[in-house]
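Chains as they are written, first to last, in the numbering used here: chain A, 759 to 862; chain B, 759 to 862.
Positions of the beta carbon are idealized from the N, C-alpha and C atoms, including for glycine.
The structure appears below as structure tokens.
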DNA sequence: CTTACAGTTCGACAGTTATGAAACTATCAC
DNA sequence: GTGATAGTTTCATAACTGTCGAACTGTAAG
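Written out as structure tokens, the structure is:
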């Protein structure tokens, strides 16, 4: 495995290594599951992502940026709000790194 | 998703968030793939895991402990040497967390 | 234009992490 | 026993991280 690939992967894992950030991502993933089951891509406001999380706005902004920079989520402005969705490519990369190809 | 589960998952991701530690784990995983293909469980010395990694012994010892504490690898003494292998349960946990059940 | 809203940027601070040097423990070979 | 080998523990240190308050930017509504 090339050094660049390892670094890229490590960055993704780092983005998921903070419980609050992981919760954000899992919430988004949960929503995505529901929506994908219905055949459309999910979008979601930041505020909505925070369900139960008691974090200040600057902190959330920072976490979202980390997840986006790592390639795990995609963001998009829509008026005042920031729309987030899981990046399917990033997710696929993660999963394939953890897959025992010899077994499947 | 319960708080404890999130914390446990986050700990696993954190263990993989350092490039050197991730390389250690990926080396082990690579070896495991080969061995599982042959129908046996792989074991591997620390020194062997280090292929190319220029880290001091204390650092490696520390990284191995982190991976073990996170539940990603299992260790076992054998004479002077420490035998490591991927913990299949931990790996399965990680993979299932990243799986879009609605899609599979 | 003014106000309110959603999110960002900029410090700052406490806490954590990665790394190695030195000293240590445990095991094997002689 | 002596010495060599494999790994651990302790400690120090530089670098990084998570969080927030305060000030800021951009957008929409009136």
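Within the region 830 to 861 of chain B, the runs of beta strand (DSSP E) that reach at least 3 residues and sit entirely inside it are, in chain order, 831 to 836, 839 to 844.
Taking the CA atoms as reference points, residue 845 of chain A sits about 18 angstroms from residue 775 of chain A. If you draw a straight line from the Cα of residue 850 of chain B to the Cα of residue 773 of chain B, it is about 15 angstroms long. For residue 822 of chain B, the nearest beta carbon of chain A is not closer than 8 angstroms to its own beta carbon. Residue 764 of chain B and residue 778 of chain A have their alpha carbons spaced roughly 9 angstroms apart.
When CB distances to chain A are screened at a threshold of 7 angstroms, the residues of the region 764 to 786 of chain B falling below it are 764, 765, 767, 768, 771, 772, 774, 775, 776, 777, 780, 781, 784, in chain order. At a cut-off of 8 angstroms between beta carbons, residue 849 of chain B contacts chain A. Counting only the Cα atoms, residue 826 of chain B lies some 16 angstroms from residue 839 of chain B. By the rule that beta-carbons nearer than 8 angstroms mark a contact, residue 835 of chain B does not touch chain A. If you check the CB distance, residue 821 of chain A and residue 856 of chain A do not come in under 8 angstroms.
Here residue 813 of chain B has 778 as same chain residues with Cβ atoms under 7 angstroms from its own Cβ, once five neighbours each way along the sequence are excluded. When Cβ-Cβ separations below 8 angstroms define contact, residue 856 of chain A makes contact with chain B. A Cβ-Cβ separation of about 5 angstroms places residue 828 of chain A in contact with residue 770 of chain A under the 8 angstroms criterion.
For residue 803 of chain B, the pairing in a beta bridge is given by DSSP as B:841.
In the displayed model, residue 812 of chain B falls within coil according to three-state DSSP, outside both helix and strand.
A direct Cα-Cα distance of roughly 6 angstroms separates residue 841 of chain A from residue 835 of chain A.
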